[in-house]
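Reviewing the structure listed below.
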Amino acid sequence: GEHSAIMVRALPRRTGFDDAWLPAFVSDTQRRIISLLSGPFNNLNLKLATSILQEFDSSSSNRQDFMNNEDVSKAIKRRSGSSSSQIGVSELNYFLTPHDLKRIELYGRNLCDHHLVSDLLPSLARLYFLGRMGPTFQLSSLQGALLCGIGLQNQTVDKVTAQLGLPANQVLAMFNKGIRKVSIALNGIVEEEEKSKLLGGEARQKAEKAAEKLKDVSLQTLEEDAQEGAKNAMSKLRDDAKASQLPSAITDNSDLMKFAIKGTDADWERALEGQKSAVNSSGMVQVQRNDSTAVKRKLNQDDVDKEAGINSPKGSAKKKKKQRKKSKK
12 GEHSAIMVRA LPRRTGFDDA WLPAFVSDTQ RRIISLLSGP FNNLNLKLAT SILQEFDSSS
72 SNRQDFMNNE DVSKAIKRRS GSSSSQIGVS ELNYFLTPHD LKRIELYGRN LCDHHLVSDL
132 LPSLARLYFL GRMGPTFQLS SLQGALLCGI GLQNQTVDKV TAQLGLPANQ VLAMFNKGIR
192 KVSIALNGIV EEEEKSKLLG GEARQKAEKA AEKLKDVSLQ TLEEDAQEGA KNAMSKLRDD
252 AKASQLPSAI TDNSDLMKFA IKGTDADWER ALEGQKSAVN SSGMVQVQRN DSTAVKRKLN
312 QDDVDKEAGI NSPKGSAKKK KKQRKKSKK
């Protein structure tokens with residue numbers, strides 16, 4: 012039969028924005044043909060199918076002039092509904108799981124048969140021919156033809172070998188090398204994503220400065236810090252005792268200290284510092300009490316015996332005297 016073709020060329024504009032419709036049209040046509048290769052174009056000759064896809068690759072290289080302009084790039088993506096930039100990890104997870112990537116790596120290292128990755132070949136072929144592997148990634152013509160025939164057209168290895176006229180072992184060897192390249196490229200994308208999450212540049216410098224500030228925090232152990240705090244507390248208590256200006260004979264006597272006026276001279280000066288509000292209606296002055304300066308009464312043997320429920324000898328002697336007086340009466 013006869014075939015007709017329409018050649019279309021966009022007229023250049025100064026801004027370049029109006030030229031975005033043609034690259035968007037080419038991108039949409041490429042995506043549709045790749046999808047149809049597994050259906051109506053399944054029996055298409057492998058060499059013809061590969062040459063069509065290679066033409067899209069050459070046209071995509073010519074589109075780099077448009078893609079350099081950010082406005083044009085956004086317009087092409089909006090009009091075509093697809094992106095031709097390198098795929099990210101979040102989008103890659105929709106096509107391949109980490110376990111799938113591991114299977115591809117195992118096949119690239121000749122640790123498993125090609126049947127183990129046959130279900131992943133359509134996704135790999137679609138990502139490659141849509142240019143999602145990156146602008147610098149490229150397979151050889153034979154490797155691209157094998158990926159097109161096995162991955163896109165779902166043909167068997169024997170059928171592809173018959174069309175290419177090559178021995179089966181050579182076809183499988185070249186196919187394995189191509190899948191190894193794809194595996195390395197995909198793992199590189201994942202590694203770059205993980206590296207971007209690590210500290211680097213300004214974030215790393217800020218973290219180092221923060222760590223430098225905390226460098227001297229752990230010079231003392233917890234026990235040493237507790238001992239230093241106890242020494243400071245005891246010195247504070249001694250200073251407060253000296254500030255009270257009372258001799259040790261009085262401060263050690265719990266009976267006398269019951270009637271001691273609480274508060275140091277500094278506390279009284281703060282309370283009476285010309286503030287009428289310090290004196291209430293009853294003529295009393297309130298001074299904040301520091302419990303650390305209060306002298307506690309020492310325990311004696313009688314207190315211990317009362318807590319234990321044991322009668323002290325003094326108490327028992329008093330009881331005997333009372334009983335004697337009652338008996339005399």
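As numbered in the working numbering, residues 12 to 340 make up the sequence shown, in order. Just so it is clear, CB atoms sit at the ideal spot from N, CA and C, and this is done for glycine as well.
| request: For residue 19, name the three-state secondary structure that DSSP assigns. | output: coil
| query | Under the three-state reduction of DSSP, which class applies to residue 14: helix, strand or coil? | reply | coil
| DSSP state of residue 117, grouped into three classes? | helix
| said: Could you compute how far the alpha carbon of residue 100 sits from the alpha carbon of residue 15? | reply: 42 Å
| message | Would residue 119 and residue 190 be called neighbours here (beta carbons separated by less than 7 Å)? | response | yes
| In or out: residue 216 buried (at least 16 other Cβ within 10 Å) or exposed? | exposed
| request: Take residue 133 as the anchor and find which of 17, 39, 108 and 46 has the nearest alpha-carbon. | output: 46
| request: Starting from the N-terminal side, write out each stretch of the alpha helix (DSSP H) that is 4 residues or longer and does not extend beyond the region 156-235. | output: 168-175, 179-208 and 213-224
| Could you check where the alpha helix (DSSP H) with residue 47 kicks off and where it finishes? | 32-47
| query | Hey, would you say residue 5 sits closer than 7 Å to residue 153, going by beta carbons? | reply | Only positions 12 to 340 of the chain appear in the structure, and residue 5 is not among them; the question remains open.
| field | Cβ-based burial, residue 146 [other Cβ within 10 Å; buried from 16] | value | exposed
| request: Starting from residue 100, trace the alpha helix (DSSP H) both ways and give me its first and last residue. | output: 100-106
| message | Helix, strand or coil for residue 152? Go by DSSP, reduced to three states. | response | helix
| Taking just the CA atoms, how far does residue 59 sit from residue 113? | 33 Å
| task | Measure the alpha-carbon distance for residue 361 versus residue 103 and round it to whole angstroms. | result | This structure cannot settle anything about residue 361, because the visible part of the chain is limited to 12 through 340.
| query | With respect to the alpha helix (DSSP H) encompassing residue 137, which residues constitute its N-terminal and C-terminal limits? | reply | 132-140
| message | Between 148, 169 and 141, which has its C-alpha nearest residue 341's C-alpha? | response | The structure shown does not extend to residue 341, since the chain is modelled only from 12 through 340, so no value can be given for it.
| said: Is it buried or exposed, residue 139, if we count other Cβ atoms within 10 angstroms and call 16 or more buried? | reply: buried
| DSSP state of residue 243 mapped onto helix, strand, coil | helix
| said: Which residue wins for smallest C-alpha separation from residue 53, given the options 108, 177, 317 and 166? | reply: 166
| message | Just to confirm my understanding: we take residue 61, look at its own chain, exclude 5 residues before and 5 after, and list those with CB closer than 7 Å. What are they? | response | 155, 156 and 159
| request: Rounded to whole angstroms, what's the CA-CA distance from residue 183 to residue 192? Just pull it up for me. | output: 14 Å
| request: Identify which residue in 235, 234, 198 and 37 has its Cα closest to the Cα of residue 98. | output: 198
| query | If you draw a straight line from the C-alpha of residue 313 to the C-alpha of residue 245, how long is it? | reply | 29 Å
| task | Helix, strand or coil for residue 111, going by three-state DSSP, please let me know. | result | helix
| message | Using a 10 Å radius around the Cβ and a threshold of 16 neighbouring Cβ atoms, would you call residue 240 buried or exposed? | response | exposed
| Thinking just about the alpha-carbon of each residue, which of 169, 176, 170 and 116 is nearest to the one in residue 187? | 116
| message | Using the Cβ count rule (16 or more neighbours within 10 Å means buried), how would you classify residue 5? | response | Residue 5 falls outside the range modelled here, since the chain spans only 12 to 340, and no answer is possible.
| So what does DSSP say about residue 62, is it helix, strand or coil? | helix
| said: Applying the 10 Å Cβ sphere with the 16-neighbour rule, what's the burial state of residue 305? | reply: The predicted position of residue 305 is uncertain, since its pLDDT is 49 and thus under 50; no value can be drawn from it.
| C-alpha distance - residue 164 paired with residue 50, whole-angstrom precision | 8 Å
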